[in-house]
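Visitor: Sharing a structure below in structure tokens format, with a few things to ask.
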Amino acid sequence: MHDSVSGGNASAKFASVRESAARSRIAAARNRALDRNAGIEKFANRMFSGTTYALWRRGELMTLAVSGGLTLDAGSGRGGWASIITRRGRRESVDIAPRGDEQVTWTADLQHMPQVPTDRYDGVVCHQVLEHLPDPTAAVAEIHRVLKPGGMAVISVPHLSRQHELPHDFQRYTPAGLQHLVESEGLELLELAHYGGLACFVHHQLATLGCALFSILPIIGTRLFAAINAPFSVLAHFFDAWTDRSGLLANGVIAIVRKPCDRAAGTKPDAEGDTTMGTASR
């Protein structure tokens, strides 16, 4: 009987390893396709799925709102938000390593980037990064440090999302969770919103698989997939916007925050929670 149980455990463990390997192969194929086509910004960052389209629709104006002057693209990835940031000002970037054709200003871990000067930036853009960090509190503290007094940041994080970028996937956030995180590090919350929903979530999974399958076609594969897939991204977004206005099944949360003008650089609220809370809109 003991041998039977051991055999069952071994079979389950093997199946788990095989499933994990399959997910990794699909993710790797998708990433290779996106790296090859990093210049196709609408596909890679806007139209890839209902989730990415919903984030772009919600995030574009919020990103523009914080992007005047000198802006840090924190966790810049393939540079998908660069064209939005540079509409209104200058851009610098930081990431753990370059991806695609992106050349980063600072090669550093967002949780600890001592080479980036304090009070340097008028704005910080941080989209879909904090979930990949084991210590997001340290990253938000660094965002606070590098912002000028009165400077603003836009931060987006996932809520309903599958595991991705493994093994570097640690967090999911509710609106209350993101609010607590930013306010605990001395940032004022100015606006809080959600994006996407269940239809966008399902479509994102199908798009991930479809992109991996189409990427095996030479030259035209990724572009052909983009043309077929894009209308479904739009449909998924508008379906969720109509059916889930409360955001109970939102794909993620996005916030605009500000570093107070009347607090010395690098300091946080005192133990009694001396933090001024802005107006939050859901």
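Residue numbering for the sequence shown follows the working numbering, beginning at 1098 and increasing consecutively. Beta carbons: idealized from backbone N, C-alpha and C, even for Gly.
Could you tell me the alpha carbon to alpha carbon distance between Gly-1220 and Ile-1181, rounded to whole angstroms?
Guide: Cα to Cα, the separation comes out at about 13 Å.
Visitor: Under 8 Å by Cβ, that's how I've got Cys-1297 and Ala-1352 pegged, so tell me the actual separation to the nearest angstrom.
Guide: Actually they do not touch by this definition, with Cβ atoms about 19 Å apart.
Visitor: Is there contact here, the segment 1172 to 1192 with the segment 1327 to 1344, by at least three beta-carbon pairs under 8 Å?
Guide: no
Visitor: Assign His-1291 to one of three DSSP states: helix, strand, or coil.
Guide: In this structure, His-1291 counts as strand in the three-state DSSP scheme.
Visitor: Using the Cβ count rule (16 or more neighbours within 10 Å means buried), how would you classify Asp-1337?
Guide: Here Asp-1337 is buried: its Cβ has 16 or more other Cβ atoms, across all protein chains shown, within 10 Å.
Visitor: Need the endpoints of the beta strand (DSSP E) that Tyr-1218 sits in, please.
Guide: 1218 to 1224
Visitor: State the start and end residues of the unbroken beta strand (DSSP E) segment that holds Val-1254.
Guide: 1244 to 1255
Visitor: Which of helix, strand or coil does DSSP assign to Arg-1188?
Guide: strand
Visitor: From Glu-1262 to Leu-1244, what does the alpha carbon distance come to, in whole angstroms?
Guide: 28 Å
Visitor: For Glu-1236, name the three-state secondary structure that DSSP assigns.
Guide: One detail in the question is off: residue 1236 reads as Ala in this sequence, not Glu. Ala-1236 falls in the helix class under three-state DSSP.
Visitor: Where does the unbroken beta strand (DSSP E) through Thr-1168 begin, and where does it stop?
Guide: 1166 to 1171
Visitor: Confirm, please, whether the CB-CB distance from Ala-1238 to Glu-1288 is below 7 Å.
Guide: The Cβ-Cβ distance between Glu-1288 and Ala-1238 does not fall below 7 Å.
Visitor: State buried or exposed for Asp-1359, treating a residue as buried only when at least 16 other CB atoms are found within 10 Å of its CB.
Guide: exposed
Visitor: In this structure, what does DSSP give as the bridge partners for Val-1354?
Guide: Ala-1250 and Leu-1286
Visitor: Report the three-state DSSP secondary structure of Thr-1202 (helix, strand or coil).
Guide: coil
Visitor: Counting C-beta neighbours from all protein chains within 10 Å, is the total for His-1229 16 or more, i.e. buried, or is it exposed?
Guide: buried
Visitor: Among Pro-1357, Leu-1278, Arg-1154 and Arg-1320, whose alpha-carbon lies nearest the alpha-carbon of Leu-1227?
Guide: Leu-1278
Visitor: Can you list, in chain order, the residues of its chain whose CB lies under 7 Å from that of Arg-1155, leaving out five sequence neighbours each side?
Guide: Ala-1290, Tyr-1292 and Ile-1351
Visitor: Taking DSSP as the reference, what is the three-state secondary structure of His-1209?
Guide: strand
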